[in-house]
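Novice:
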Amino acid sequence: MVDEIKHLRRAEFDSIIRGGIDLIIFFYKEGDAASVLGIESMKDVNHLIGKSFELYFVNTDSEPDIAQAFSVEKIPEYVSMKKNKIYKRSTDLLQPSEILALLK
């Protein structure tokens, strides 16, 4: 199991989104205290998820095009996708166990 945070970059965006895998994208802003707390707690998610979905992070400061493609207005924001479509969204700062609920 990989314990590192995967950052989604524009160069790989299309292939990841069209890949058909269930995924959650976590949008955050560099230096935002709430976002930093969310990232720290989300490292624990890798121990909970197994291989049922992929988790990617997007820094809206360095990847504004991706944030715009998802109409992200509030930070932090989670977007879950199933079969290439947005399934659920949340702007609450979630605990690792709550992140799993975004795909159920």
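Each residue of the sequence shown is one higher than the one before, starting from 1449 at the first, in my numbering.
Where a beta carbon is used, it is the ideal one built from N, C-alpha and C, also for glycine.
#1: Helix, strand or coil: which one does DSSP assign to V1506?
#2: How close, in whole Å, do the beta carbons of I1487 and Y1504 come, if the pair is a contact with beta carbons under 8 Å?
#3: Exposed or buried, which one is S1510 when buried takes at least 16 other CB atoms within 10 Å?
#4: Using the Cβ count rule (16 or more neighbours within 10 Å means buried), how would you classify E1525?
#5: In angstroms, rounded to a whole number, what distance separates the CA positions of R1466 and S1528?
#6: Is it buried or exposed, L1485, if we count other Cβ atoms within 10 angstroms and call 16 or more buried?
Specialist: According to the structure shown:
#1: Stepping through the sequence shown from its first residue, residue 1506 is reached at position 58. If DSSP states are grouped into helix, strand and coil, V1506 belongs with the strands.
#2: For the purposes of this step, residue 1487 is identified with residue 39 of the sequence shown, where counting begins at 1. For the purposes of this step, residue 1504 is identified with residue 56 of the sequence shown, where counting begins at 1. Their Cβ separation, rounded to whole angstroms, is 12 Å, which puts I1487 and Y1504 out of contact at 8 Å.
#3: In the sequence shown, residue 1510 corresponds to position 62, counting from 1. The residue is exposed, with fewer than 16 neighbouring Cβ atoms inside 10 Å.
#4: Here residue 1525 corresponds to residue number 77 of the sequence shown, with the count starting at 1. Counting Cβ neighbours within 10 Å, E1525 comes out buried, since at least 16 surround it.
#5: On the sequence shown, residue 1466 is found 18 positions in, with the first residue counted as 1. On the sequence shown, residue 1528 is found 80 positions in, with the first residue counted as 1. In a straight line, the C-alpha of R1466 is about 14 Å away from that of S1528.
#6: Start at 1 with the first residue of the sequence shown, and residue 1485 comes out as number 37. Flag for L1485 reads exposed.
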